[in-house]
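Everything in the sequence shown is counted per the UniProt record's numbering, starting at 1 for the first residue and increasing by one. Using N, Cα and C, we set each Cβ at its ideal position, and we do this for glycine too. Contents: one structure, followed by commentary.
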Amino acid sequence: MDWDDFSLWSKRIADWGAQYHKTLRQRPVRAQTVPGAIAAQLPGGPPVKPEPMADILSDFEDIVMPGMTHWQHPRFFAYFPANAAPPSMLAEQLVNTVAAQCMLWQTSPAATEVEGLMIDWMRQALGLDAGFTGVIQDSASSATLSAVLTMRERATGYTGNRAGLSGKGHLRIYCSDQVHSSIDRAAWVAGIGQDNLVKIAGTGPRYAMDAGALDRAIRADLDAGHTPAGLIAITGGTGVGACDDLAAVLRVALAHGLYTHLDAAWAGSAMICPEIRAKFWRGVDGFDSIVFNPHKWLGAQFDCSIQFLRDAAPQLNTLKIEPEYLKTSGDVVTNYSEWTIPLGRRFRALKLWFLIRAYGLEGLQARIRNHINWAEELCEKLRALPGFEITSEPIFSLFSFRCPGDDAMQQRLVDAINDDGRIYLTQGALAGRRIIRVQVGQFDCTREDVMMVKTVVRDIWEKVQ
Ligand SMILES: *Cc1c(COP(=O)(O)O)cnc(C)c1O
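This is how it looks when you write it as structure tokens:
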């Protein structure tokens, strides 16, 4: 392909993209297909001869698009959002076009310097202490794994990487039972082991771990000869939005010298609103590591996960490796690949820069506040449906409910709603019971889109019961 053709097809794709987004409400939110149906329409082997771009693109529209679930659909209420505000998409087009690999300062100084600045803009937007620096990672899973590896190295006097873990006893990490599965997987791959991830029950209206129970668990481990290494707290758990009391659990963690990490992957975006910070983030500045995903609620195209660090040294002591071919000539610069597990890095900061400039903090705050208000309004409408039960009250913009009937009936209702296609919801579990989750957070959704959830739930409920 020559660059004139590139220009032609880029323009066609841009026009296609605008049309796609303008007409998204006409599409079913969740893909309406069956396993294997998309692959069955494609050749089983690679073409030997070149094929025209026109054919490739028309197959994309005819075969691939019907198999896509529309995450940018304004009536996407499943999981958590993976928003992509248009300015962040434009930045990604530029990043794709320049296609730099930004592992070291010298492999693209602007990428490193804009990243440092965006970390600091976001630090200010979230009201964090001036001491925090940080790094942009691909996902919260990677940031959490980096923090867990740091807990491991710090608790072993930075000998684990070199000598391995044998003979080091049981390193213990504490969290609530509301944490995301990425915490379990970090414990697996860091060599800590699932059995050494100690889960404290999340209780009360915020499903928070009890600080007294945390303290007792740590003391019992010390008595048993184990090594407490770290605490992982949560703001905005995946299931029902659990939020730990940060100040209370930090006090315990600090008393025992633990390294502390906070998972705010979804709800961190809401902390750009000072009144929400005041309610949920008291004590946050005491954490050693904090992760939040601007690619979820804030609007930066996936992927973009910020890890803030109060002191970068422990993580650098854990992850930094500098073979001869990566050495730069004594410059006093930041090489962000030393902060993370992968070496190669995309220029992820550009889309944050575009996003924040195009909307301003006020534009982004207004969306978050609307989503929270609309979720609360919708919750009351569902509560009023005869026989329906609110199983968890709104925390930020997430709540859950049950229709009358057993667990199988909940699943039947969710599946029928998603087959209908006007909205998309997912199920979850709470206290051993199946629940239906609703989260409001799609970047373009309106109040009308949100209130349609009640209409669809009522319509479909009449059909399935
Ligand atoms: C989404 C989410 C994660 C995982 O995020 P990835 O970026 O997909 O790895 C972890 N924790 C919480 C609370 C989340 O909402």
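Query                                                                                                                                                                                             : Result
Taking the Cβ atom as the reference point for each residue, do residue 78 and residue 446 lie within a distance shorter than 8 angstroms?                                                         : no
DSSP beta-bridge partners for residue 202?                                                                                                                                                        : 209
Contact between the segment 413 to 421 and the segment 266 to 276 is defined here as three or more beta-carbon pairs at a separation below 8 angstroms; is this criterion met?                    : no
Would you say the segment 421 to 440 touches the segment 396 to 404, given that touching needs at least three Cβ pairs under 8 angstroms?                                                         : yes
Might you give, ordered along the chain, the residues of its own chain that have their beta carbon closer than 7 angstroms to the beta carbon of residue 341, omitting 5 neighbours on each side? : 142, 145, 146, 319
So what's residue 347 in DSSP terms, helix, strand or just coil?                                                                                                                                  : coil
Check whether the Cβ of residue 204 sits closer than 7 angstroms to any heavy atom of ligand 1, and report yes or no.                                                                             : no
State the DSSP-derived secondary structure class of residue 431, mapped to helix, strand or coil.                                                                                                 : coil
Is residue 244 near ligand 1, judged by its Cβ being under 7 angstroms from some heavy atom?                                                                                                      : no
Less than 6 angstroms between C-beta atoms, sequence neighbours within five positions excluded: which residues of the same chain meet that for residue 312?                                       : 133
Which two residues bound the contiguous beta strand (DSSP E) that contains residue 231?                                                                                                           : 227 to 234
So what does residue 389 bridge to, in DSSP terms?                                                                                                                                                : 402
Return the CA-CA distance between residue 42 and residue 206, expressed in angstroms with no decimal places.                                                                                      : 48 angstroms
For the alpha helix (DSSP H) that contains residue 183, what are its first and last residues?                                                                                                     : 181 to 189
Does DSSP classify residue 417 as helix, strand or coil?                                                                                                                                          : helix
Which residue's Cα is closest to the Cα of residue 69: 459, 431, 444, 421?                                                                                                                        : 421
Examine the Cβ distances between the segment 244 to 262 and the segment 275 to 286 and report whether three or more of them are shorter than 8 angstroms.                                         : yes
Beta carbon of residue 263: closer than 7 angstroms to some heavy atom of ligand 3?                                                                                                               : No copy of ligand 3 appears in this structure; the ligands present are ligand 1.
Identify which residue in 254, 240, 224 has its Cα closest to the Cα of residue 231.                                                                                                              : 254
Cα separation between residue 392 and residue 2?                                                                                                                                                  : 56 angstroms
Check whether the Cβ of residue 397 sits closer than 7 angstroms to any heavy atom of ligand 1, and report yes or no.                                                                             : no
Alpha carbon to alpha carbon, how far is residue 360 from residue 130?                                                                                                                            : 21 angstroms
Alpha carbon to alpha carbon, how far is residue 386 from residue 450?                                                                                                                            : 20 angstroms
Should residue 262 and residue 235 be called a contact, given that it needs their Cβ atoms to be closer than 8 angstroms?                                                                         : yes
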